[in-house]
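J.: Pasting a structure here, questions to come.
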Amino acid sequence: MNTEILIGFLFYLALLAYIGWWANKYTKTEDQYFVGGRKVHVLAATLSDKASDFSGWLMLGYPGSAFKAGLGAFWAAVGCLFGTLADYVLIGPRLRIYAGKFRAITVPDYLEARLKDDTKMIRILSALIILIFMTAYVAAQFTAGGKTFAEGFGISDNAGIILTVIILTAYVITGGFFAVVWTDVVQAMFMLLTLIIVPFLALAKIGGFDKATQIIAQADPTKLDPFGGATGWAAIIFAIGYASWIVGYLGQPHIVTRYMSVEDPRKLRRPGIFISGTWTIIVLWGAFFAGFLGFAMHQAGMLQVSDPEKVIPAMAVELMPGWLAGFVIAGIISAVMSTADSQLLVASSAIARDFYHKVLGKEVGKKQMVNISRVVALVGLWFALTGNKVVYEMVATAWGGLAVGFGPILVLSLWWKRVTKEGAIVGMAYGLVSEVILEAKVYGWAFNPDAPGIFGTIGSWFNGVPVFFINFFITLFIIIVVSLFTKPPEDVVKLHEELFKKVPIETGKKSITETRAKSQVENVADFLIERGLA
0 MNTEILIGFL FYLALLAYIG WWANKYTKTE DQYFVGGRKV HVLAATLSDK ASDFSGWLML
60 GYPGSAFKAG LGAFWAAVGC LFGTLADYVL IGPRLRIYAG KFRAITVPDY LEARLKDDTK
120 MIRILSALII LIFMTAYVAA QFTAGGKTFA EGFGISDNAG IILTVIILTA YVITGGFFAV
180 VWTDVVQAMF MLLTLIIVPF LALAKIGGFD KATQIIAQAD PTKLDPFGGA TGWAAIIFAI
240 GYASWIVGYL GQPHIVTRYM SVEDPRKLRR PGIFISGTWT IIVLWGAFFA GFLGFAMHQA
300 GMLQVSDPEK VIPAMAVELM PGWLAGFVIA GIISAVMSTA DSQLLVASSA IARDFYHKVL
360 GKEVGKKQMV NISRVVALVG LWFALTGNKV VYEMVATAWG GLAVGFGPIL VLSLWWKRVT
420 KEGAIVGMAY GLVSEVILEA KVYGWAFNPD APGIFGTIGS WFNGVPVFFI NFFITLFIII
480 VVSLFTKPPE DVVKLHEELF KKVPIETGKK SITETRAKSQ VENVADFLIE RGLA
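Numbered by numbering that gives the first Met the number 0, the letters in the sequence shown go through residues 0 to 533 in order.
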């Protein structure tokens, strides 16, 4: 084991421990534990959002995909960027306004209040969706951490997984939301620096971009084709398969919870989009080119890679001084932890608040929430140790289940006054059952032509497209149809109309441009803040 790498890494762990200790001073109530008392600055919330979003997928799964697929994997970056923008336009501001109005601190809180569901079915379905797919997501992060430790310190993947679990649970169960947010901010900066430095070091090692493309062309020309060598319908399906991550952003509880915590909903538009968009562009560029150039280094004999998803830690060890490689390894682990901590928090809230407290009527203290987090972590550990250990596919499966379970109903509830609780219950139930069956029993994470019967025919049409992409729109359609055959309460419709009524254009001294300097949502937010509703 390289002592310099270990020193750099331990310094990072000490920083995390300090943040957890500091955050614990500000975590006294349930509201503070789960959404930081709704006092989180937009900069912290935005960086935390993106760190929670990209996770080990960004640092291992996506570079590994670029290593294997070449230029075609860039479509995934396109999907992630536009998914990020869609979140800030379609979900963020309106969800924060509604959450403030209802005093909601979890996604199930919001859905139950917005749809006036007195049956508790929406909350029960939400808890099941979160538990099943968030636990799978946590397992993917543990696997990513295990691979990073294995490559950086020369231990087995399973030993690395266990070490990841120990480090993670030590601070997330202590500080709650404040610990998660502020460790995410630090982790987001580590990720940013890592993904800027590594590609440039790789270019210098290879001898320039032209040399890298020449090496790749000799090894496999299809890796320089943006459609992987496919043409016609197959090329379109190829691009959709990678870019399909876009719809998943609309239904990730560990991401959208950040919007509910922001102190000022107006800042989720311009500052939020700018900060998040800029960070996303830079890190996706870096992650893609790290994998792309890593393949060139591997083909040139400059880099030994046992697993494509270990390409970034392998490049760090190869290209950097030991102490700096330790910081990079820490940056990769930070990406893993930044998502796993949020997911543990959301999963524990599904049990503690959404089921145990709200459905059964039992009080839950901080000690119980800590114990629940530990149980979820242990279940995730078991899946990580026994799963296929392919981070890209593990994340896609979990991402898809959450996307289908929450995405359609979140979008419709925020933008359509006619959506009903019956539509939500049927749609969420379909999303839960269909994702479990199609992804666990029939296809795996993506459509394939080898599935039995009619499913194989469908798989041949959409071969390589994630199941969740098609299933998202089916669920959306089901919710709309059921809602049209049922009727929402009049007071629910009236509230929606009042909150999001169009703001008339003023006349007089102000020009139209000046009047519209604030968006509709921002004007509504002003109204709510002035009256103490947000």
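We put the CB at the ideal spot given by N, CA and C, even for glycine.
Around the Cβ of residue 433, are there at least 16 other Cβ atoms within 10 angstroms (buried) or fewer (exposed)?
T.: Counting from 1 along the sequence shown, the entry for residue 433 is found at position 434. It counts as buried.
J.: For residue 154, which residues from the same chain have a beta carbon less than 7 angstroms from its beta carbon, with the 5 sequence-adjacent residues on both sides left out?
T.: Walking along the sequence shown from the start, residue 154 turns up at place 155. Excluding residues within five positions, the ones whose Cβ falls inside 7 angstroms are 148.
J.: Using a threshold of 7 angstroms, is the CB atom of residue 67 nearer than that to any non-hydrogen atom of the ligand GTP?
T.: Within the structure as shown, the ligand GTP is missing, as the structure has no ligands at all.
J.: Under DSSP, the alpha helix (DSSP H) around residue 232 begins and ends at which residues?
T.: The sequence position of residue 232 within the sequence shown is 233, counting from 1. It spans 232 to 242 - the alpha helix (DSSP H) in which residue 232 sits, taken as one unbroken run.
J.: Could you give the residue range of the alpha helix (DSSP H) that holds residue 100?
T.: Working through the sequence shown from its first residue, we reach residue 100 at position 101. Boundaries of the alpha helix (DSSP H) around residue 100: 91 to 101.
J.: Under 8 angstroms: do the region 342 to 353 and the region 123 to 135 share three or more Cβ pairs, one atom per stretch?
T.: yes
J.: For a test of the three-state rule: what should DSSP assign to residue 225, helix, strand or coil?
T.: Start at 1 with the first residue of the sequence shown, and residue 225 comes out as number 226. Residue state, collapsed to three classes: coil.
J.: In chain order, what residues of the same chain lie with their CB nearer than 7 angstroms to the CB of residue 371, ignoring the 5 residues before and after it?
T.: Position 372 of the sequence shown, counted from the first residue, corresponds to residue 371. If we look at residue 371 and ignore the five residues flanking it on each side, its Cβ neighbours are 347, 350, 351.
J.: Tell me the rounded alpha-carbon separation between residue 412 and residue 406.
T.: For the purposes of this step, residue 412 is taken as the residue at position 413 of the sequence shown. For the purposes of this step, residue 406 is taken as the residue at position 407 of the sequence shown. C-alpha separation (whole angstroms): 10 angstroms.
J.: Can you look up residue 30 in the DSSP assignment and give me helix, strand or coil?
T.: Residue numbering aside, residue 30 sits at position 31 when the sequence shown is read from its first letter. Here the model assigns residue 30 a pLDDT of 45, short of 50, so the residue's position is not dependable and the matter cannot be decided.
J.: Roughly how many angstroms separate the alpha carbons of residue 320 and residue 305, rounded to a whole number?
T.: Along the sequence shown, one-based indexing puts residue 320 at 321. Along the sequence shown, one-based indexing puts residue 305 at 306. Between the alpha carbons of residue 320 and residue 305 lies a distance of about 21 angstroms.
J.: Please say whether residue 455 and residue 465 have beta carbons closer to each other than 8 angstroms?
T.: As a working note, residue 465 is residue 466 in the sequence shown. As a working note, residue 455 is residue 456 in the sequence shown. It is not a contact, given that the beta carbons lie outside the stated cut-off.
J.: Do residue 429 and residue 477 have their beta-carbon atoms positioned less than 8 angstroms apart in this structure?
T.: For the purposes of this step, residue 477 is identified with residue 478 of the sequence shown, where counting begins at 1. For the purposes of this step, residue 429 is identified with residue 430 of the sequence shown, where counting begins at 1. The answer is yes: Cβ separation under 8 angstroms.
J.: So, at 6 angstroms on beta carbons, what are the nonlocal neighbours of residue 239 in its own chain, with the 5 sequence-adjacent residues on each side left out?
T.: The sequence position of residue 239 within the sequence shown is 240, counting from 1. If we look at residue 239 and ignore the five residues flanking it on each side, its Cβ neighbours are 464.
J.: Does DSSP put residue 488 in a helix, a strand or coil?
T.: If you number the sequence shown from 1, residue 488 lands on position 489. DSSP, reduced to helix, strand and coil, places residue 488 outside both helices and strands of the structure shown, so it counts as coil.
J.: In chain order, what residues of the same chain have a beta carbon less than 7 angstroms from the beta carbon of residue 78, not counting five sequence neighbours either side?
T.: As a position in the sequence shown, residue 78 is number 79, starting the count at 1. So the qualifying residues of the chain are 241, 242, 243, 244, 245.
J.: Identify whether residue 261 lies in helix, strand or coil by the three-state DSSP scheme.
T.: Within the sequence shown, the letter at position 262 stands for residue 261. The three-state secondary structure of residue 261, taken from DSSP, is strand.
J.: Quick check on this structure: which residue in 270, 318, 158 has the alpha carbon closest to the alpha carbon of residue 289?
T.: Position 290 of the sequence shown holds residue 289. Comparing Cα-Cα distances from residue 289 to each of 270, 318, 158, the minimum goes to 318.
J.: Which same chain residues end up closer than 6 angstroms to residue 450 when comparing Cβ atoms and leaving out the 5 residues on each side of it in sequence?
T.: Within the sequence shown, the letter at position 451 stands for residue 450. Excluding residues within five positions, the ones whose Cβ falls inside 6 angstroms are 441, 442, 458.
J.: Please state if the CB of residue 71 and the CB of residue 237 are separated by a distance shorter than 8 angstroms.
T.: The residue labelled residue 237 in the question sits at position 238 within the sequence shown. The residue labelled residue 71 in the question sits at position 72 within the sequence shown. Yes, these two residues count as a Cβ contact at 8 angstroms.
J.: Pick out whichever of 438, 425, 500, 270 has its Cα sitting closest to the Cα of residue 397.
T.: Looking up residue 397 in the sequence shown gives position 398. Measuring from the Cα of residue 397, the nearest candidate turns out to be 438.
J.: Using 8 angstroms as the limit for Cβ to Cβ distance, is residue 204 near chain D?
T.: The chain inventory of the structure shown lacks chain D, comprising one protein chain alone.
J.: Restricting to Cα atoms, I'd like to know which of 2, 9, 10, 56 is closest to residue 309.
T.: As a first step, residue 309 is located in the sequence shown; it is residue number 310 there, counting from the start. The shortest Cα separation from residue 309 among 2, 9, 10, 56 belongs to 56.
J.: Is residue 429 helix, strand or coil by DSSP?
T.: In the sequence shown, residue 429 corresponds to position 430, counting from 1. Three-state DSSP puts residue 429 in a helix.
J.: Quick check: what's the CA-CA separation for residue 202 versus residue 392?
T.: Numbered from its first residue, the sequence shown carries residue 202 at position 203. Numbered from its first residue, the sequence shown carries residue 392 at position 393. If you take the alpha carbons of residue 202 and residue 392, they lie about 29 angstroms apart.
J.: From the DSSP output, in three-state form, read off residue 450 for me.
T.: Position 451 of the sequence shown, counted from the first residue, corresponds to residue 450. Looking at residue 450 - three-state DSSP - the assignment turns out to be coil, as it is neither helix nor strand.
J.: Which residues share a DSSP beta bridge with residue 465?
T.: By one-based count along the sequence shown, residue 465 stands at place 466. For residue 465, which the question treats as bridged, DSSP gives the partners 445.
J.: From residue 131 to residue 54, what does the alpha carbon distance come to, in whole angstroms?
T.: Mapped onto the sequence shown, residue 131 falls at position 132. Mapped onto the sequence shown, residue 54 falls at position 55. Going from the Cα of residue 131 to the Cα of residue 54 covers about 19 angstroms.
J.: Quick one: is residue 230 buried, meaning 16 or more other Cβ sit within 10 Å of its Cβ, or exposed?
T.: Indexing the sequence shown from 1 puts residue 230 at position 231. Residue 230 comes out exposed.
J.: For residue 3, which of 328, 287, 74 has the nearest alpha-carbon?
T.: On the sequence shown, position 4 is the one that residue 3 refers to. The option with the nearest alpha carbon to residue 3 is 328.
J.: Can you look up residue 213 in the DSSP assignment and give me helix, strand or coil?
T.: In the sequence shown, residue 213 corresponds to position 214, counting from 1. The answer is helix: DSSP assigns residue 213 an H, G or I state.
J.: Using only the alpha-carbon positions, how far apart do residue 421 and residue 409 sit?
T.: Stepping through the sequence shown from its first residue, residue 421 is reached at position 422. Stepping through the sequence shown from its first residue, residue 409 is reached at position 410. Cα to Cα, residue 421 sits roughly 14 angstroms from residue 409.
J.: From residue 143 to residue 210, what distance separates their C-alpha atoms?
T.: Locating residue 143 in the sequence shown gives position 144, counting from the first residue. Locating residue 210 in the sequence shown gives position 211, counting from the first residue. When rounded, the distance between both Cα atoms is 31 angstroms.
J.: Straight-line CA distance for residue 284 to residue 492?
T.: Taking the first residue of the sequence shown as position 1, residue 284 is located at position 285. Taking the first residue of the sequence shown as position 1, residue 492 is located at position 493. Between residue 284 and residue 492, the C-alpha separation is close to 43 angstroms.
J.: Can you tell me whether residue 483 is buried or exposed, with buried defined as 16 or more other CB within 10 angstroms of its CB?
T.: Taking the sequence shown and counting its residues from 1, one reaches residue 483 at position 484. The residue in question, residue 483, is exposed, as its Cβ has fewer than 16 Cβ neighbours within 10 Å.
J.: Do residue 96 and residue 498 have their CB atoms nearer than 8 angstroms?
T.: One-based indexing of the sequence shown puts residue 96 at position 97. One-based indexing of the sequence shown puts residue 498 at position 499. Cβ distance < 8 angstroms, so residue 96 and residue 498 count as in contact.
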